């Protein structure tokens, strides 16, 4: 039977041949685990995703949440799926055994969650938001807040959200107007409006814990005046029982082109002056705290984009193998049998492009997950800090590159199905619509590019960038041991050298105060940087594929593995010899400081 969520063979390759998940079991935190326990968790995730998440993915799309009597109403299939997810322990996959968790590495948790994202992006979102909110409270909340709000979230009784965006401000968080007034009992009264709050209302849990950004009366202007508050939908009594409804009102639902099964809400806080919130951590430090959840969400969005691209790729691949149409260009006999469309070179081009995009991005997402494990469990503080710096540098790429290029993969999947592709009789058009939200979710490409070039590449004296360069150079050195990889390695080395020079020049502009000029074409920089990273990850996969082929003998039993490794090498060849060299056009524009866009005037449009 064809796999519809992701390739189990590719996942095993990533975990055990590329990212060495087995080595994590040598660390104290994961010592009770083995490949057998890892695979058991993956098998459970796949089973639940296939049986309970995937079947209502289309219904989620066709019957989006409704606003009824001030509440959001979902299709009935969502709750049993979410309950099964909770019952299996995936909400707390990385938490300690002592609190009911699986104590899995983040790498394995992400691999398990990928199945749910592929099966049903909308339903899986409620869990992803809750995990992020719980981690935020665990990191920065008081002991009392953890007891009152975190523990029920760990138990799956309370769900969570992040409430940042306001109607007038959009992504400009420095301009938020939501206010927090101190009350005599030490709590705060919150007043304001938030929009596009995913999961802001639903019937899936007893309570919803909103993580809200707001400003105190004495707040300094800009982002330095933002504080973070816990605002529950229902009050929580001292004994843990639910109290009365808090002054948080669902004002309405947004109707999206895709990802329709996740409620996107407008919330009003404090219309009656009685919205109670609780300050998390120190006053005016809220944005620095919220960046933890934002960065988790960015990686989650990136992986969600990967899995939607992956689902479209697998569907179009299966379709191309089964759909007979036409004959090859040299087939002149009209009475001869038609060939499956996968035999046509241009269909293979589109399938190979999808494979290069989704499997390259999938590797990067899992690599980022393993980096997170390194930030928590490497032996020394210095090693953990280095891993954290590299993860920070790569986060804009993990979020933005899949959001752009796995969306392109979805577009190609539609093209392969031809006229059927854009009908609702086939799932690829929904995958595209669902994925189209991801270039906007958790920061646009423009925002990610400003973060990358304006902050990340130069942080700590460029330590993370230097680390990345060393990793790529080491990969190229190891690839040089394989004559077959010479043509793949050289384009990556050339791109690395030229991008490094461009980076130094642009950072020079920024240091000289030419900020607008230096950042004007940051989106081009983001694209090239992303291609460099994905090219590196593909070269790493190519090395592992060559090593895998070397282990095989000529027996027929190894035919499937041989085909798998050859497919990896061909996808690496495509990306490194078709995609990577094309980046030199963007580099030329960056080198020239081309001001075409910056110099354009409002009145000229």
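In the numbering used here, the protein residues as written are 246 to 850.
Every residue, glycine too, gets a C-beta built ideally from N, C-alpha and C.
Since the structure is predicted, the reported quantities are computational estimates derived from the model, not experimental observations.
Extent of the continuous beta strand (DSSP E) to which residue i belongs
i	result
residue 510	509-514
residue 426	424-427
residue 472	472-477
residue 276	Note, residue 276: premise wrong, no beta strand (DSSP E); not H, not E.
residue 838	Segment: none, residue 838 is in no beta strand (DSSP E) and carries neither H nor E.
residue 586	First-last for residue 586: undefined, no H or E at that position.
residue 433	433-443
Secondary structure of residue i, DSSP reduced to three states
i	result
residue 312	strand
residue 417	coil
residue 265	coil
residue 642	helix
residue 569	strand
residue 389	helix
residue 460	strand
residue 854	This structure cannot speak to residue 854, because the chain is shown only from 246 to 850.
residue 406	strand
residue 335	helix
residue 255	helix
residue 844	helix
residue 246	Because residue 246 carries a pLDDT of 49, less than 50, the predicted location of this residue cannot be relied on, and the following value inherits that uncertainty. DSSP places residue 246 in coil when its eight states are reduced to three.
residue 664	helix
residue 487	strand
residue 452	strand
residue 447	coil
residue 686	coil
residue 849	helix
Supposed contact pair residue j and residue i - C-beta distance, whole angstroms, cut 8 Å
i	j	result
residue 380	residue 537	7 Å
residue 455	residue 406	5 Å
residue 474	residue 523	6 Å
residue 821	residue 807	That belief does not hold up - the Cβ atoms of residue 821 and residue 807 are roughly 21 Å apart, past 8 Å.
residue 644	residue 722	In fact, because the Cβ distance is near 29 Å, the residues do not count as touching under 8 Å.
residue 679	residue 503	4 Å
residue 766	residue 696	Contact doesn't hold; Cβ gap of about 15 Å is too wide.
residue 450	residue 402	6 Å
residue 851	residue 789	Residue coverage of the chain in this structure runs from 246 to 850, which leaves residue 851 outside it and unanswerable.
residue 583	residue 569	4 Å
residue 607	residue 551	5 Å
residue 220	residue 832	Outside the shown range of the chain (246 to 850) lies residue 220, about which nothing can therefore be said.
Where the alpha helix (DSSP H) through residue i begins and ends
i	result
residue 678	673-680
residue 195	Outside the shown range of the chain (246 to 850) lies residue 195, about which nothing can therefore be said.
residue 304	302-307
residue 582	Where residue 582 is concerned, there is no enclosing alpha helix (DSSP H), given that its DSSP letter is neither H nor E.
residue 351	351-364
residue 399	396-399
Selection from the options that minimises the alpha carbon distance to residue i
i	options	result
residue 343	396, 409, 413 and 353	396
residue 594	823, 617, 532 and 487	823
residue 301	690, 816 and 320	320
residue 423	355, 501, 576 and 493	493
residue 589	615, 546 and 562	562
residue 251	262, 287, 263 and 634	287
residue 348	359, 335 and 360	335
residue 303	759, 673 and 771	673
residue 507	774, 308 and 271	308
residue 268	352, 299, 313 and 481	352
residue 330	313, 350, 360 and 315	360
residue 354	528, 610 and 583	610
residue 400	345, 557 and 427	345
residue 333	289, 275, 713 and 297	289
residue 471	532, 617 and 498	532
residue 460	419, 429, 495 and 491	419
residue 720	708, 709 and 733	733
residue 751	556, 739 and 769	769
residue 513	498, 527, 568 and 253	498
residue 746	648, 710, 761 and 481	710
residue 598	653, 832, 804 and 433	653
Exercise. Within the stretch 490-564, note down every full alpha helix (DSSP H) run reaching 4 residues or more, in order along the chain.
Key: As summarised for the stretch 490-564, there are no continuous alpha helix (DSSP H) elements at least 4 residues long confined to that stretch.
Self-check item: Ranges of the alpha helix (DSSP H) found wholly within the stretch 694-776, counting only runs of at least 4
Solution: Here the runs fully enclosed are 704-724, 731-756 and 760-764.
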